[in-house]
Each structure stands twice: as C-alpha cells, then as structure tokens.
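Protein chains in written order, with my numbering: chain F, 123 to 380; chain W, 4 to 236; chain V, 372 to 997. C-beta: ideal position from N, C-alpha, C; glycine also. The structure under discussion appears below in the form of structure tokens.
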Amino acid sequence: MSVILETRGLTKNFGGLVAVDDVSFALQKGELLALIGPNGAGKSTCFNMLMGQLPPTSGEVYLDGDRITGLGPRQIWRLGVGRTFQITATYASMTVVENVQMALLSHNGEIFRVLPFAHRMYRDQALALLDMVGMAAQADRHCAVLAYGDLKRMELAIALAHEPKLLLMDEPTAGMAPRERVALMELTARIVAEQGVSVLFTEHDMDVVFGHAHRIMVLNRGALIAEGNAAEIRANPLVQEVYLGGGTVFGGAETTDA
Amino acid sequence: MLEVEGVNSFYGKAHVLRDLSFEAPRGHVVALLGRNGAGKSTTMKSIMQLVRPASGRIVFQGTDIVGLPAHKVAKMGLGYVPEDRRVFTDLTVSENLLVGRQPPRDGAPTWTEDMLFDLFPNLAERRGNRGKALSGGEQQMLTIARTLMGNPSFILLDEPSEGVAPVIVEQMAQVIAQLKSEGLTVLLSEQNLHFAQAVADLVVIIESGVQVYHGTLADLQAHPEIRDAYLAA
Amino acid sequence: MEFFVAQILTGLANASSLFLVACGLSLIFGVTRIVNFAHGSLYMLGAYIGLTLMEALPGHFGFWGSILLAGIAVGLIGVVIEMLVLRPVYRAPELFQLVATFGVILVIQDLALLIWGPEDQLGPRAPGLRGVFRIMGEPIPKYDIVLLIITPFIALALWWMMTRTRLGVLVRAATQDREMVGALGVNQAWLFTGVFALGSALAGLGGALQLPKGGADLLMDFTILTPVFVVVVIGGMGSLPGAYLAAIIISVLNVFGVTYIPQSTLVLMFIVMIVVLMIRPYGLFGREEVAGEHGQVGEPEEPIKPASAKVRAIVAAGLAMLALLPLYGGNFALVLTTDILIFCLFAASLHFLLGLGGMVSFGHAAYYGGGAYVAALLVTWTETPMELAFLLAPLGAGLIAIVVGWVCLRLTGVYFAMLTLAFAQLLWSLVWQWQEVTGGDDGQVNIWPADWLNDNTVYFYFALIFSVGGILTLRHLAHSPFGYALRAARDSKRQAEATGIDTRRVQLLAFTFAGFMGGLAGALFVFSKGSVFPNELEIVRSFDALIVVFLGGVKTLAGGVVGAGFFKGVEDVLTRFEYWRLVMGLLIIFVVVVAPEGIVGSLRRAWRRFGPGHSQADTATEERRT
C-alpha cells in the first residue's frame, strides 16, 4: 500500500492557544480513516489546514508525495482532493444535476465561457455521477426541496466529480437518521473499494465510526492521543475518559470490528 | 399536558406534517423519533408556533395555542431548545441566561442562575465568557440552561445529542432524568436510539410527517416491523 | 495652536447631531436588519417640528423642552412608520424593506413641503447662549460648548442602556437571532417597534439640536444621509462607541477641510472611509457579517431555464410592436420610449449584479452617470467624434467598476452595499467639486449625437438596438457557464471555492460587466438629452434603479426590465402633478406591502395559483404562505 496523504508535525496556534499540536499521520491508498475527538479538540482546524483554508503555523502536508502545505483550497482541489461539508453547501437555486454540472464545468476550466447554454454541458457525465450515488431519478428536481439525506448524497456526487484520489468528509452523517447513516457510509465504503479513493472523515456517531472505519485516530486538545482499530480504541482508557464515556449512548455488543 | 391533533404544517413548499397527532402526558419524557426530514424539527417548531400549522390543534394545558405568537407560547410555560443551539455568541454566558429569564410559574420548578450553574458545572467556570468562546458541548448546555431560566413546565429539546461527544451525551441524559424528577415534561426529538432508550418513557415515531407509532419502548419490541423499518441501525 | 484647538472644538460640537442620527440608524439596522434610508427624513422632521415648537414655547424651558419634545414626536412618527410600513414586510426578502423606506422619504418630503413650505428656515439662537466663549483667545460659540459637553453624556447613557440593562441585552440578542429571542418569551414585535422608535427619536433629537447652527430646509434629509452612512460604516454597523468616534473623526476632518482645502471637503470624507475599510473591513468597532445568520428570511430562487419558444414568440412580437412605434406614436411617445428603454438597460445591468450575483450595489449610478460623463468629457475636451465617445463611455464605466469592485468585493452584505454607495458619492463629489473640468453644478451641455443620429426617430432606433441588445446579452449570460458560476458564488461560496471556482474573480468580472452595461445606458442617455448634470451620479439615481429592480422582482430574470418599464411610465404621468412624490411614495409602499416578491414574482405566483395546470397541493402551499 502506498501513502496518499501524510502530515508531519502539523501545528496551528491561534494567539496563545494551540489548536492543533504536532499532529503526524499517514493515510494509505484505499483506506477509510476516522478522526474522532471531543468538541473543540481541533478536528475542524485540522481539516481546514488539509484543505488549504488555514495555513499551518508549522508542519507539512504531503499529497501523494508532493508537498501541498500553504496551497489554497482551489489548488488543492485541482490536485485531486474532494470534500463534503458538515453542514451541506449546495447551490439552492439550481437543480440537482446542475449542482453536479457546476463542478464538472469548473473541473474542465469552462466557467468563464459566455456563449454556450450551461445546462446542456456535461449533463451525461453528471447523470452518471448521480447514478453512482443513487440520485439519478431526482436529477431534475430543484435541490432546495430535497430531503437532507439526499442533499448529502448529492454533495458526495459533487465531491466525486473530478475523480479525486482523496475525499475529506467532515461529519458526513451529521443530521441523518440511523438507517440513512448506514446507507451513506456503505455507499462511501463501496466507492472507496470501486474507485480506489481514500477517505479521511470526522464523525460523532460511534456506530458509524466503529462500523465502517478501517482505522481510527483520536484527537484531544489538539494532540493525537490514540490510534488503532475499533477494538483498540474502545478499550483505550484515556479515550474512554475524554470522549467515549461509559458507552451507554452508542451501540454496544452488535458492533463488529473492521 | 400537550396534545397535538391532526396538525398539517408546511416548510417552504414542502408539506412536512400530515395530520400528525400524539400527546405528551405530564411528567413524562417523550421521544420523537424518525429519520431526517421525517418532520421532527418541524413538529417542534409547529408546537412553538415558529412554523405556523396550516390546520389542526395543539392544546397545551387546555388551551389551543395554534396561531399565537411564539413569545406568548413561551410565556405559557413551553420552553424550546433548538437543534442548532443558537447561542447568542456575542453575549456572555450570564447575559444569555438573562435573555431567557421569566417570572416564576405555578406548577413548574423555579430556576436561578446559581441552580443552573450547579446543574451545569462547566458553565459556572465560564459565566463571563462570550458564547462564541464555548465548545459545542458547552453551547448545548447553555441553550438548555437558557431555556430553563424561563421556568418552563414543559420543555422541547430538538436533537440535543447531535454533534456532541458521547461523554457529553451521557451528561445530557443525566440532566434530562433530573428535569423529569423535578416534575418537568419533556418532548425530545432524537436520531440517537441508544440515547432515547436511556431517557424516554414513551416514543412517537414519525415518517414523512405521519405518525406511525405511539407507545412505550417496551411495547415497540412487540412490533418488530415498525422497529426495523424506522429505527434499525 | 489656538486656532487648531478651536477647530477641534468646533468639530466636536458638529459631531453631536451626526452621532445621534448615526447611532439611531445603527441601532435600527442592528435589530431589524433594515437599512433605513428614511433616517435623514426623520432628522429633517426633528428640525422642522423643533422649530415649530420653539416658536410656540418661549424661554429656556421652551427651547430645551422643544428639542426634547421634537425627539419624542419623531419617535412616535417612527412607531407609526414601523407599524404601518415595515411590519408587513419583515418577512420579505432581505433588503427589500429599504424600498419601503425610500417610499417613506418621498412621502415625508412632500408632507414637509405642504406643512412648512419651500423656504429655508433659520433656527433660533439658544436663549442665554447667544455669545461666544474665548478659549485660548479664539471665539467659540457658547452653544457649541454646550453641545460638546452634553453629547458624551447622551452617548454614555445609551452605552449604559445597551450593556447594563436587560433591555440592552435583549436588543443585542435580537440583533443576532430575533426568532430565538421570541421563542424565549420576549415579544419581539414590540422590541422592534421600541428600537425603531428609539432610533427615530435620536434622529429627531439630532435634527432639533442642530437648529441654532443650521436651521431647517427640505434638502437636509439627503444632505445628512451621506455623512451618516459614512459614520456608521467607519464606526462599524451596530457599534455605539464606533459611531461616536467616527462622528468626531468626520466632523473634525470636515472643519479642517473647509479651512485648508475647501474644494475637496466631500471627497476627503470618502477617502477617509475607504482607507479605514481597507485596513479594517468591518469598520473600527464592527464585527464581521456572518452570512446566513438566523432571522434571515426568503426562499431560494427557482432554477432558471431559457425562455420557451412561446415566450420567445411573445417577446419578438412585443419588440416588433416597439419597432413600429414611429408609425403610430408621436414625437412625445418616441422620446418617452427612448427614456424608458435606456432606463430598462440601466436597471437590467443592476439586476444582473443584484439578482444573479447577489451583490447589492447601492451606488450603481456611478457607472450610469460615469458613462455619461466619460462621453461628455471626451466630446467637450478632446472633440472626440460622437461614435467613438459612445463606444469609449461603457469602457470607461467598466474601468471605474473594476477599481470599485476590486476594493468593495473584499466585503460582503451590507458593508459591500455601503462601500459601493461611498464610491458613487466619491465620484459625485469629484464631479461636483472639480468645476474646472466637469463644469460642476452647471454640468456638461451641447453633447449632441452625430448628424446622422440627430433625429428623434433615428435615435429611437439607435437606443432600441443597444438597449434591447444589452438586455438580451445580460439575459443570455445568465444561462451561460459564467452566469451559472455567478449564481454558484452567490448560493454557496463555500462549495464554489471548494470545487475550484475563483468566486472573487467571477464576481469582479460580473461587477465590471454590470458597470460596462450601466455605462452604455449612460452613454445612450447623454446623447439623447444633449447634456448631463451631477444628479445623474446622485444617490437618488442609484436608488431609482434599486427600487425598480426590487419592485420588479429580484428573484426573477425579467424583474429589472419590467419594474423599470412600469415605474418610468408611472413616473412620467405623476411628475405632472405638484405633489407627485407623495403619490409615488405611497404607490411604492403599496406595492411593497401587497407584492413583496415584486411585480414579476407576484404575477408568477398568481399564475401558478389561478392559471392553467395548477394542482391542489400547490394551492394549499400558496394559501398557507399568504
């Protein structure tokens, strides 16, 4: 297996506060890696640095062996990193398929064209992407009327539009019902397997994390405190103390280790 | 204590609640379950009159509250904790509590700032901090405390466990148990079945705005088809 | 040194009224999210009412009592405005309410004219404060000293109210999330009314307090509006200390400006504002506007699709009718239609920016008037042939737009709007004060078209081709990848940036193109009238366009053009009457209240509801929302 994403000593200070403290990890090709931790542990800051929204105070980020530290979000996207948001970010005035077409137009460098009709461009490709996430039947609906779970799937189709090698998903199942959560993560796992995409995701739903992640990292007060598979993480007393608690509010016995 | 009778509500263009009926008896914790988009938040907002039902009755302590402005509903003793926290981020913790303050009410426990700081010790340390400086879990605590300042007899909790760490969710379950022991009635919307199981006496399951089950969790075990269709993880 | 101190003291005294009016505006915006353009009118009312009261009430008590009573009276007028005009439209799309406040301006202008007459009125001197104090040998009017002493106390009292009382906490909470405040048991309707009344009372107080220094006249509503907006923006929206500090900065600067560089006092104010915003984009004490905060209303727009063959046929038929106008219309109809066409293009260019781009420009006249002046100045100073000047005008306007857009696009929301207004005012004051080049108030005259166009019929066709061509171009752009990217940047900047779209570049290009089209309209205008005056760059001209776009319907592609056509036609009829502003103002308020989605939006809704093919479910939805 080869490493697709690697951070070395990633650190971010806000004033005197150390939000992310010397975080180093590597994500293998085809891996589904979860990043968990209490609210305010630095997960979002970490994500924002990987996506180029925030420059790190120190440390480096490598994508497929190339240093991408300090690049902007648009450049990182062009290098083959897709992302989905904790709170969906969609073009509410467009149809579902147009939302995906927009990403394809951008990927093909055509957003500054003024002559052709946009709604005819890359429609077939967009429909194929929607088909992949099971949204083809809703392609011409106004995206503002979609149910939340469908919006999430549409967002996934957008994130896959430029055939990324890496997907960063920020709480992908936030706000969804248990059954939808499972469906979305199964879909993600299938895409990982079929397309060879690697995924790094944050999540608060332990059923999702323990059920689907190949490997789990735990962040607390900006620092990585544990790493391992589901069984190791559940058994880690430090993780239990700062994050998992007594295990009464997430699935106990029925979860199988990845 | 609260009866929802044949309520229809719209959100934008979508017909979200369809002839929804259920009731929440005094002193019970009722969990409203269902997938996202099933209409849980709209139910909460409809009760609070933040979304105005197009038809139906919502009877709170014998009065139909449909059509009243939200502030009157709150004054009658209904407390609302929204799903996305909505802390006043520029106000301090104490000021946030001040916004929620209402006079004491018969038949409902009376809260003071100090009592709430006992209930939520984390907030006490941060009383002078602005809302935006709090972590997600602390913000969730603050919204509950803010609503309790209004001395409600009935509290609506919209997805209190969403997006917070499991340890915090456990604390939340303890808080809800304590509120119940103080005599409050609680209506809670939830995605987290484990959490609902830990705190609720009764459950209402809705799907596409229609009520599909109303009863105890124990009885639900006797209806595996409903349990599996709407709740199975 | 003595002179220097005296100047500063005068500046501090002048800051008094400015501060009161500005903090009222800021307060109202904070809680209600309404940019109250009528705030200057409330200030004017304060002055007139104060004057009338002072004539009736004698002595010390009469003077100071009149000022206080004027404040209270204007506060009550504020209550009436809030309850009658604004309450019905709080749920309308954001910024739509400002159109209603513009209607209020027009109504108050004519009411003031009716009641107090057209003559400027001199304010009485304050009893017992007629003379001057000598400070370091320099004479300072006693009234100035009193003003500069009491203002900090008023500021302090307001600050205390906002930070130390429950009412202040509620106001600040409502500024962030008014729905939540309501859900916690606070009657937000009265909170809104109360805040509007307080803000209005402060404006009235400001108007009455400045009477001994400035008197009252019918232009003071717009005269104060510009510096007030500048103060609010420099200080930071919603910040009291910010408003106080900014009022002092602007007033002191103005006093020095008058002494040392009287030719550029107006320009100076805007330069200060632009410099401040370059360093601190949200003003000295302001905080960043977070888009999509709670309490915002308005549904997302519908997806767009190119016009169907049927609609195209109808439009083509309409255009054919228009093209045949010279056959059945008289000379007057030709000139009027030319005016309407030009105005439609101007409005369409703003609509492109506002509707598709989500960029609310309060200063679109800069490009319209800018284009007109570019053409006029080229003709006057370099004897450029008309055809060439006509082509260079939109390019010039586009150039102005690039510069303005480049600076303004660092900001969003209402700060963006205010800054565009400031740039437009900067341009206006440049033209107004740089008399040697621009002719100042006398404008530019004898700017006639080339001989072959110097005929109403021929010029009508000329305007028809360029206006319709421009409008169709703007419309086609909406359907192109660029138009989609522009909407993407508006709908979700986050997603657009995350998928490689350089939103700032897209928006700057759109801003520039809208400026270009505005300039084209301006060029058509100047050659149709043969002259141009600074009022083509004024706030009023920017508002004209803004109002027709909102009234036509922001969220519809045809909104700008329909609104412009309708209102230019109505205006032409109304301006024949003496009190036309009153009627126009009432008409605007009426449309705002009954058709909050604009003319086109409301027609579309009515069509869906009553037209063929509507379903039961749709009807139910419509009913709930009405």
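Interface partners of Y365 (chain F) on chain W, CB under 9 Å: In the first sequence, counting from the first residue as 1, residue 365 (chain F) sits at position 243. A168, P169 and V170, listed in chain order.
Find the nearest neighbour of F567 (chain V) within the set V:C779, V:A409, V:L580 and V:G923, judged by alpha-carbon distance. Numbered from its first residue, the third sequence carries residue 567 (chain V) at position 196. Just measuring C-alpha positions, the residue of V:C779, V:A409, V:L580 and V:G923 sitting nearest F567 (chain V) is V:A409.
Which of the three DSSP states is assigned to G9 (chain W) in this structure? Counted from its first residue, the second sequence places residue 9 (chain W) at position 6. Three-state DSSP puts G9 (chain W) in a strand.
Cα separation between Q492 (chain V) and R535 (chain V)? Position 121 of the third sequence, counting from 1, holds the residue named residue 492 (chain V). Position 164 of the third sequence, counting from 1, holds the residue named residue 535 (chain V). A straight-line Cα-Cα distance of about 40 Å links Q492 (chain V) and R535 (chain V).
Can you give me, in chain order, the residues of the stretch 859–882 of chain V that have a beta carbon less than 9 Å from any beta carbon in chain F? From the stretch 859–882 of chain V, only A859, R861, D862, S863, K864, R865, Q866, A867, E868, A869, T870, G871, I872, D873, R876, V877 and L880 have a Cβ closer than 9 Å to chain F.
Which bits of chain V does M118 (chain W) rub up against, with CB to CB less than 9 Å? Here the question's residue 118 (chain W) lines up with position 115 in the second sequence. Neighbours of M118 (chain W) on chain V: none; closest Cβ ~18 Å, over 9 Å.
V475 (chain V) versus F761 (chain V) - alpha carbon distance: Counting from 1 along the third sequence, the entry for residue 475 (chain V) is found at position 104. Counting from 1 along the third sequence, the entry for residue 761 (chain V) is found at position 390. The straight-line gap from Cα to Cα measures roughly 37 Å.
Taking only the alpha-carbon atoms, compute the straight-line gap between G886 (chain V) and I605 (chain V) and give it to the nearest angstrom. Here the question's residue 886 (chain V) lines up with position 515 in the third sequence. Here the question's residue 605 (chain V) lines up with position 234 in the third sequence. Approximately 25 Å between the Cα atoms of the pair.
Give every residue of the same chain whose Cβ lies closer than 7 Å to the Cβ of I229 (chain F), excluding the five residues on either side of it in the sequence, and list them in chain order. Along the first sequence, read from residue 1 onward, the residue named residue 229 (chain F) stands at position 107. For the sequence presented, residue 229 (chain F) should be read as His rather than Ile. Counting only Cβ-Cβ distances below 7 Å, and skipping sequence neighbours, we find A283 and H284.
List, in order along the chain, the chain F residues whose C-beta lies closer than 9 Å to that of G854 (chain V)? Working through the third sequence from its first residue, we reach residue 854 (chain V) at position 483. Those are V236 and A240, listed as they occur along chain F.
Where the beta strand (DSSP E) containing D246 (chain F) begins and where it ends: Here residue 246 (chain F) refers to the residue found at position 124 when the first sequence is read from its first residue. Where D246 (chain F) is concerned, there is no enclosing beta strand (DSSP E), although the alpha helix (DSSP H) it sits in stretches over R245 to M254.
Identify each residue in the stretch 277–311 of chain F for which the Cβ-Cβ distance to at least one residue of chain W is less than 9 Å, and report them in chain order. Residues of the stretch 277–311 of chain F with a C-beta less than 9 Å from any C-beta of chain W: E293, A296, G297, M298, A299, P300, R301, E302, R303 and V304, listed in chain order.
Enclosing alpha helix (DSSP H) for F904 (chain V) [first to last residue]: By 1-based counting over the third sequence, the position of residue 904 (chain V) is 533. In the DSSP assignment, F904 (chain V) falls outside any alpha helix (DSSP H), carrying neither H nor E.
Quick one, which of V:F434, V:L396, V:V445 and V:V557 has its alpha-carbon nearest V102 (chain W)'s? Here residue 102 (chain W) refers to the residue found at position 99 when the second sequence is read from its first residue. Of the candidates V:F434, V:L396, V:V445 and V:V557, the one whose C-alpha sits nearest the C-alpha of V102 (chain W) is V:V557.
Report the neighbours of G37 (chain W) on chain F: residues whose CB is nearer than 9 Å to its CB, in chain order. For the purposes of this step, residue 37 (chain W) is identified with residue 34 of the second sequence, where counting begins at 1. Near G37 (chain W) (Cβ distances below 9 Å), the residues of chain F are A299.
For a minimum of 3 consecutive residues, which ranges assigned as the beta strand (DSSP E) are wholly contained in the stretch 12–61 of chain W? Within the stretch 12–61 of chain W, the complete beta strand (DSSP E) runs of at least 3 residues fall at 17–27 and 32–36.
Are the CB atoms of G297 (chain F) and R275 (chain F) within a distance shorter than 8 Å? Here the question's residue 275 (chain F) lines up with position 153 in the first sequence. Here the question's residue 297 (chain F) lines up with position 175 in the first sequence. Going by C-beta atoms, R275 (chain F) is not nearer than 8 Å to G297 (chain F).
Measure the CB-CB distance between T874 (chain V) and A225 (chain F) and report whether it falls below 8 Å. As a position in the third sequence, residue 874 (chain V) is number 503, starting the count at 1. As a position in the first sequence, residue 225 (chain F) is number 103, starting the count at 1. Not closer than 8 Å, so no.
Under 8 Å by Cβ, that's how I've got A483 (chain V) and L589 (chain V) pegged, so tell me the actual separation to the nearest angstrom. Taking the first residue of the third sequence as 1, we reach residue 483 (chain V) at position 112. Taking the first residue of the third sequence as 1, we reach residue 589 (chain V) at position 218. For a cut-off of 8 Å, the C-beta gap from A483 (chain V) to L589 (chain V) is around 6 Å, short enough to register as a contact.
Residue interval of the beta strand (DSSP E) (run including T133 (chain F)): Here the question's residue 133 (chain F) lines up with position 11 in the first sequence. Taken as a continuous stretch (DSSP letters only), the beta strand (DSSP E) holding T133 (chain F) covers V125 to F136.
Meets three-Cβ-pair contact criterion under 8 Å: the stretch 640–652 of chain V and the stretch 601–615 of chain V: Yes, the stretch 640–652 of chain V touches the stretch 601–615 of chain V.
Can you check whether the CB of E673 (chain V) is closer than 8 Å to the CB of H264 (chain F)? On the first sequence, position 142 is the one that residue 264 (chain F) refers to. On the third sequence, position 302 is the one that residue 673 (chain V) refers to. Cβ atoms of H264 (chain F) and E673 (chain V): closer than 8 Å.
Does the beta carbon of M224 (chain F) come closer than 8 Å to any beta carbon on chain W? On the first sequence, position 102 is the one that residue 224 (chain F) refers to. Against chain W, the CB of M224 (chain F) has no partner CB under 8 Å away; the residue lies outside that interface.
Only counting the same chain, and skipping five residues up and downstream in sequence, which positions put a Cβ closer than 6 Å to that of F723 (chain V)? Counting from one through the third sequence, the residue named residue 723 (chain V) turns up at place 352. Same-chain partners within the cutoff: L845 and A885.
Keeping to the same chain, check which residues put their C-beta closer than 7 Å to that of S12 (chain W); ignore five residues upstream and five downstream. Numbered from 1 along the second sequence, position 9 holds the residue referred to as residue 12 (chain W). Counting only Cβ-Cβ distances below 7 Å, and skipping sequence neighbours, we find V19, L20, T45, S49, V54, P56 and A57.
Check whether chain V comes within 8 Å of P137 (chain W), counting only Cβ atoms and requiring the distance to be less than that. Here residue 137 (chain W) corresponds to residue number 134 of the second sequence, with the count starting at 1. It should be noted that the sequence gives Leu, not Pro, for residue 137 (chain W). No - not a single Cβ of chain V is within 8 Å of the one on L137 (chain W).
Within 8 Å (strictly less), CB to CB, does H326 (chain F) reach chain W? On the first sequence, residue 326 (chain F) is found 204 positions in, with the first residue counted as 1. H326 (chain F) counts as touching chain W.
Which chain F residues are close to G140 (chain W), counting only those with a beta carbon under 9 Å from its beta carbon? Here residue 140 (chain W) refers to the residue found at position 137 of the second sequence. What G140 (chain W) touches in chain F: P160, N161 and G162.
Closer than 8 Å is the cut-off here; do at least three beta carbon pairs connect the stretch 892–906 of chain V with the stretch 813–822 of chain V? Short answer: they touch.
Please check the pair P195 (chain F) and Q175 (chain F), which I expect to be a contact at CB under 8 Å, by giving their CB distance rounded to whole angstroms. Looking up residue 195 (chain F) in the first sequence gives position 73. Looking up residue 175 (chain F) in the first sequence gives position 53. Contact annotation, P195 (chain F) with Q175 (chain F): C-beta distance approximately 6 Å; criterion of less than 8 Å satisfied.
May I ask which residues mark the beginning and end of the beta strand (DSSP E) holding S166 (chain F)? The residue given as residue 166 (chain F) occupies position 44 in the first sequence. DSSP places S166 (chain F) in no beta strand (DSSP E) but in the uninterrupted alpha helix (DSSP H) bounded by K165 to L172.
W487 (chain V), buried or exposed, once every other Cβ within 10 Å from all chains shown has been counted against 16: Working through the third sequence from its first residue, we reach residue 487 (chain V) at position 116. Counting Cβ neighbours within 10 Å, W487 (chain V) comes out buried, since at least 16 surround it.
Name, please, each residue of chain F whose Cβ falls closer than 9 Å to the Cβ of A34 (chain W). Numbered from its first residue, the second sequence carries residue 34 (chain W) at position 31. The CB of A34 (chain W) never comes closer than 9 Å to any CB in chain F; the least such distance is about 13 Å.
Would you call K43 (chain W) buried or exposed, if buried means 16 or more other Cβ atoms sit within 10 Å of its Cβ? Walking along the second sequence from the start, residue 43 (chain W) turns up at place 40. Its Cβ being crowded by 16 or more others within 10 Å, K43 (chain W) is buried.
Closer than 8 Å to chain W by CB, G1006 (chain V): A question about residue 1006 (chain V) goes unanswered here, because the residues of chain V that appear run from 372 up to 997.
Under 8 Å by Cβ, that's how I've got Q878 (chain V) and M730 (chain V) pegged, so tell me the actual separation to the nearest angstrom. Within the third sequence, the letter at position 507 stands for residue 878 (chain V). Within the third sequence, the letter at position 359 stands for residue 730 (chain V). Right, their Cβ atoms sit about 6 Å apart.
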